[in-house]
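Numbering (the working numbering), first residue to last: 144 to 770.
C-beta atoms are modelled at their ideal positions from N, C-alpha and C, and glycine is treated no differently.
Here the structure is a predicted model, which means the values were calculated and not measured.
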């Protein structure tokens with residue numbers, strides 16, 4: 144028996160879902176109001192104990208206990224497996240469980256955090272305690288909530304403590320807490336205020352330390368890269384902020400530990416920090432689990448602006464010497480692909496967020512309301528850095544800003560930015576619009592297929608599936624936009640069931656994984672995970688899509704992709720309707736007739752939704768069937 148089957152055997156889906164949904168018995172099943180779409184009049188959410196599954200006849204969502212937890216808690220399958228395994232008392236011995244050495248490192252970090260907390264309240268930590276409470280205004284409850292501590296001056300104070308606890312030098316070094324120099328071992332953190340850094344699940348992965356020495360260098364020191372700690376994948380304070388982020392549907396990104404802690408103490412618990420490092424794609428995907436509305440609260444100094452805007456795409460190639468233009472371009476690309484509303488607020492000179500919120504709470508809220516769209520902020524920032532009276536600098540600035548505007552998929556937003564740039568340059572809007580058209584970003588084409596396509600001729604539905612895949616695979620932002628429109632029509636997002644051809648199904652499943660993971664950009668992920676046959680299909684689809692692309696077709700691609708999804712679903716739904724109608728006519732047993740009648744009604748409801756979507760606000764411009 145697999146681990147998944149064992150967990151399902153031990154857990155009753157009614158008990159699990161009953162913690163989230165008020166369920167009432169009706170015959171053999173249970174009903175309630177679906178937690179995934181607005182519904183307060185008719186309970187359409189049904190749990191089936193016999194099959195240990197659930198289904199909503201309103202929005203069409205359904206599955207087993209794992210899919211429910213994934214959807215409700217916004218978790219990956221691996222995270223849902225771990226959560227349900229703990230609840231069921233099932234030991235995970237393979238697959239998604241952590242290696243033993245990771246558990247050892249976590250134990251070491253927790254032990255170190257306790258050590259640092261003890262020294263904050265000891266005589267040795269008086270200077271640190273005064274700094275936090277008197278100078279930075281933190282309360283004792285806040286110190287405890289964030290488990291702040293103090294690293295003593297002694298060169299081996301922590302190492303001696305951990306050694307006495309039975310930990311090996313190799314493990315303590317792997318946790319990033321000590322360094323070796325010749326034959327000596329030194330604590331990495333000495334005479335510093337200590338900030339435990341936790342992942343979004345509240346597990347310590349590392350530390351940040353602020354020096355208390357006026358001449359100490361560096362001012363802030365972080366744990367180095369370890370098996371648990373990667374600055375590009377952790378946001379400080381997210382473990383404590385995620386519920387407030389969901390509640391307010393907004394997150395504010397600030398630069399430092401104290402900014403986060405001060406805002407939380409003042410009741411603004413939606414703040415997190417990338418700890419002065421580049422804002423990565425992983426950070427953005429992590430935040431998207433909780434909200435699409437992100438505000439960057441920047442210090443007015445150039446260093447702070449560059450830290451926040453450093454290119455996601457370029458930074459992942461280990462290049463720090465990049466320009467602000469490249470920075471914004473990488474950030475904007477991922478912002479649109481992930482469907483994020485990224486805005487920027489600049490703080491008053493010399494004022495940190497935690498200071499401002501204490502001094503003038505109303506001003507803080509006003510700044511958040513006045514936050515600028517990222518592109519507008521970048522355009523104004525770069526305008527201040529060039530001499531617009533110099534024709535060469537002016538032309539370079541205009542072209543770089545046109546390249547950024549070119550990335551904006553929404554034509555209405557794009558026109559607004561064109562008007563703004565025209566005002567900055569003092570030229571006509573038509574001149575800027577022409578420049579935007581010229582600034583077509585170069586696309587990297589996958590290498591041509593090395594083998595000829597030898598598959599059997601496709602049926603008409605399969606040909607339509609192929610075209611749909613070409614639309615979706617070459618433009619990740621199309622997937623998000625199509626799914627948004629489908630959700631507005633109470634329809635499920637694009638999934639593997641939208642494809643009948645086995646190759647199409649396999650390719651789509653891997654592409655979904657590419658969009659959901661954080662380690663690589665989607666194209667790199669596909670190259671690493673596709674089998675040769677699927678690689679040929681993917682490259683062929685990309686080439687076909689690029690060969691037919693002329694000008695700015697994003698909105699038309701979205702409309703065409705949506706239309707094809709809906710036509711394929713209508714075709715399939717009509718076939719199901721005919722099948723269940725036939726079953727109902729020939730069924731003789733009452734149970735079979737009832738099952739057929741229920742399925743027939745479900746198919747009718749779904750067909751109405753699809754038809755409504757084709758003719759309503761979600762429909763594409765054309766009304767005829769796709770070619």
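On the three-state DSSP scale, how would you describe residue 355? Coil, per DSSP.
Span of the beta strand (DSSP E) around residue 338: In this chain, the beta strand (DSSP E) harbouring residue 338 covers 335-341.
Are the beta-carbon atoms of residue 650 and residue 704 separated by less than 9 Å? The answer is no: Cβ separation not under 9 Å.
Contained alpha helix (DSSP H) runs [length at least 4] in the region 200-280, N- to C-terminal order: Here the runs fully enclosed are 208-216, 220-231, 243-264, 269-273.
State buried or exposed for residue 451, treating a residue as buried only when at least 16 other CB atoms are found within 10 Å of its CB. Reliability fails at residue 451, whose pLDDT of 44 lies under 50, so the model's placement of it is uncertain and the value that follows must be treated cautiously. Counting Cβ neighbours within 10 Å, residue 451 comes out buried, since at least 16 surround it.
Given residue 149, which residues of its chain have a CB within under 7 Å of its CB, disregarding the five upstream and five downstream residues? Contacts found: 233.
Which partner residues does residue 350 have in the DSSP bridge list? Residue 350 is bridged by DSSP to 339.
Measure the C-alpha to C-alpha separation of residue 610 and residue 513 and round it to an integer number of angstroms. Rounded to whole angstroms, residue 610 to residue 513 spans 43 Å at the Cα level.
State the DSSP-derived secondary structure class of residue 167, mapped to helix, strand or coil. In the structure shown, residue 167 sits in a strand (DSSP, three-state: E or B).
Within 10 Å of its beta-carbon, does residue 384 have 16 or more other beta-carbons around it, so buried, or fewer, so exposed? It counts as buried.
Among the candidates 559, 338, 219, whose CA atom is the shortest distance from the CA of residue 263? Of the candidates 559, 338, 219, 338 places its Cα closest to the Cα of residue 263.
Whole-angstrom distance between residue 246 and residue 238, CA atom to CA atom: With a pLDDT of only 44 at residue 238, under the threshold of 50, the placement of this residue in the model should not be trusted, and no figure is reported.
Compare the Cα-Cα distances from residue 314 to each of 252, 267, 363, 373 and report the closest residue. The option with the nearest alpha carbon to residue 314 is 252.
What does DSSP give as the partner residue(s) for residue 741 in the beta ladder? DSSP lists no partner for residue 741.
Residue 489 bridges to which residues according to DSSP? Residue 489 pairs with 441.
Is residue 642 helix, strand or coil when you go by DSSP? It is coil, neither helix nor strand.
Pairs of beta-carbons, one from the region 636-646 and one from the region 663-675, closer than 8 Å: are there three or more? Fewer than three beta-carbon pairs drawn from the region 636-646 and the region 663-675 are found closer than 8 Å, and the two stretches are therefore not classed as touching.
Neighbourhood of residue 554 by C-beta distance below 7 Å, restricted to the same chain and skipping five residues each side: So the list reads 698, once near-sequence residues are dropped.
Helix, strand or coil for residue 196? Go by DSSP, reduced to three states. DSSP, reduced to helix, strand and coil, places residue 196 within a strand of the structure shown.
Whole-Å CB distance - residue 709 paired with residue 757, under 8 Å assumed: About 5 Å separates the CB atoms of residue 709 and residue 757; that is less than 8 Å, so the two are in contact.
Counting C-beta neighbours from all protein chains within 10 Å, is the total for residue 587 16 or more, i.e. buried, or is it exposed? The pLDDT assigned to residue 587 is 42, lower than 50, so where the model puts this residue is not dependable, and the model offers no usable value.
In whole angstroms, what is the alpha-carbon distance linking residue 624 and residue 172? Computed Cα separation, rounded: 36 Å.
Inter-residue Cα distance where the pair is residue 372 and residue 390: Put simply, the backbone Cα of residue 372 is about 28 Å away from that of residue 390.
Paired residues, beta bridge with residue 416 - DSSP: Residue pairing of residue 416 in beta bridges, as defined by DSSP: 379.
May I ask you to verify whether the region 529-549 touches the region 504-513, counting CB pairs closer than 8 Å and requiring at least 3? Verdict: no, contact absent.
What are the residues that DSSP puts in a beta bridge with residue 551? According to DSSP, residue pairing for residue 551 in a beta bridge does not occur.
Meets three-Cβ-pair contact criterion under 8 Å: the region 174-189 and the region 202-215: Here the region 174-189 lies against the region 202-215, with 3 or more beta-carbon pairs under 8 Å apart.
Within the same chain, show all residues whose beta-carbon is closer than 6 Å to that of residue 209, passing over the 5 residues directly before and after it, in chain order. Only 223 meet the Cβ criterion.
When you compare only the Cα positions, how much space is there between residue 457 and residue 546? Residue placement at residue 457 cannot be trusted, given a pLDDT of 28 that sits under 50; what the coordinates show is reported in the next sentence. If you take the alpha carbons of residue 457 and residue 546, they lie about 16 Å apart.
So, with DSSP's three-state summary, where would you put residue 174? The DSSP-derived three-state label of residue 174 is strand.
Using DSSP with H/G/I as helix, E/B as strand and the rest coil, what is residue 385? In the structure shown, residue 385 sits in a helix (DSSP, three-state: H, G or I).
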